[in-house]
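Have a look at the structure below, then the notes.
As structure tokens, this is what we get:
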């Protein structure tokens, strides 16, 4: 067995262990369930509204878009927060000290985030199928599209999260990302069709993965007749694959270099300094 294969297997075991640990502590369970319940509640109140003149429920349309948003949040924000936390507590420094430790560490994070993303999707999707009318997840094509968008979305967003996480030395500073990310959600057609927004907002929204993830999930879950409210009157599958694929390629080119630079800068002295600052904030 080669060293990289051994590191990958070790990372996979660590990722699965951390995933199981996520369902042991009440704090982690609350962090998974409560935000999704809030989203479901908001969409339940939106069921009485319709999308334009289609007569289709805005709540049902938003539900499918929220699934795409959930993938984006898992890929970007969760990875960013994990890297920032484990950079401060010394986990990254310990991984750096082990041969191929960083490769194994990143493998574990991929496994953990992928598993958590699937759980988050199911927490929304399963009750959504019971509460919302009009979802069209009743064919092999719909399931293939949903799984394909999920995989491509994680490939597009996780490198972004890794890059962002390497820029923050502590998890408190990483929290500042929430505001611009929520701004992107607002202009990405998650809760209202992007075509109803002004031209410049449509342009900006289409530059980022959140819009394309929402569009991809809507194409998987909604009837084909609902494509009429989208830009261009279609689901634009090729454009979705192209944009998310481009983000993935750019991310996988930049992320390794940024992470290597971060790892080189990690040392016992820098970690001790961050801990001292954290203790000063507490006291």
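Numbering (this note's numbering), first residue to last: 1 to 283.
Even glycine gets a Cβ: it sits at the ideal position worked out from N, Cα and C.
Buried or exposed, going by whether 16 or more other CB atoms sit within 10 Å of the CB of residue i?
i	result
residue 200	exposed
residue 9	exposed
residue 53	exposed
residue 99	exposed
residue 39	buried
residue 165	buried
residue 248	buried
residue 229	buried
residue 178	exposed
residue 143	exposed
residue 56	buried
residue 189	buried
residue 215	buried
residue 285	The displayed coordinates of the chain run from 1 to 283. Any statement about residue 285 would go beyond what the structure contains.
residue 33	exposed
residue 30	exposed
residue 208	buried
residue 163	buried
Using CA atoms only, rank isn't needed, just tell me which of the options is closest to residue i.
i	options	result
residue 59	65, 52, 46 and 53	46
residue 221	107, 91 and 121	121
residue 81	238, 227, 160 and 245	160
residue 330	43, 202, 163 and 28	There is no way to answer for residue 330, as the model of the chain reaches only from 1 to 283.
residue 181	93, 75, 31 and 26	75
residue 236	177, 145 and 264	145
residue 227	4, 37, 51 and 35	51
residue 256	61, 103 and 43	103
residue 244	217, 194, 131 and 26	217
residue 49	133, 239 and 71	133
residue 86	168, 64 and 125	168
residue 141	224, 11, 90 and 33	224
residue 125	253, 265 and 68	68
residue 110	35, 206, 153 and 90	153
residue 265	97, 193, 188 and 107	97
residue 184	112, 15, 72 and 12	72
residue 193	62, 24 and 35	62
residue 263	88, 23 and 4	88
residue 219	6, 3, 64 and 93	64
What would DSSP say about residue i, mapped onto helix, strand or coil?
i	result
residue 70	helix
residue 57	strand
residue 139	coil
residue 257	helix
residue 3	helix
residue 120	helix
residue 62	helix
residue 236	coil
residue 90	coil
residue 132	coil
residue 98	coil
So what does residue i bridge to, in DSSP terms?
i	result
residue 50	57
Does chain C have any CB closer than 8 Å to the CB of residue i?
i	result
residue 182	Protein chains in the displayed structure number just one, and chain C is not present.
query: Unbroken alpha helix (DSSP H) runs of length 4 or more, entirely within the stretch 12 to 45: which are they?
result: 26 to 45
message: To test your reading of the DSSP string, which unbroken alpha helix (DSSP H) runs of 4 or more residues are found completely within the stretch 150 to 229?
response: 171 to 174, 178 to 186, 199 to 205 and 209 to 221
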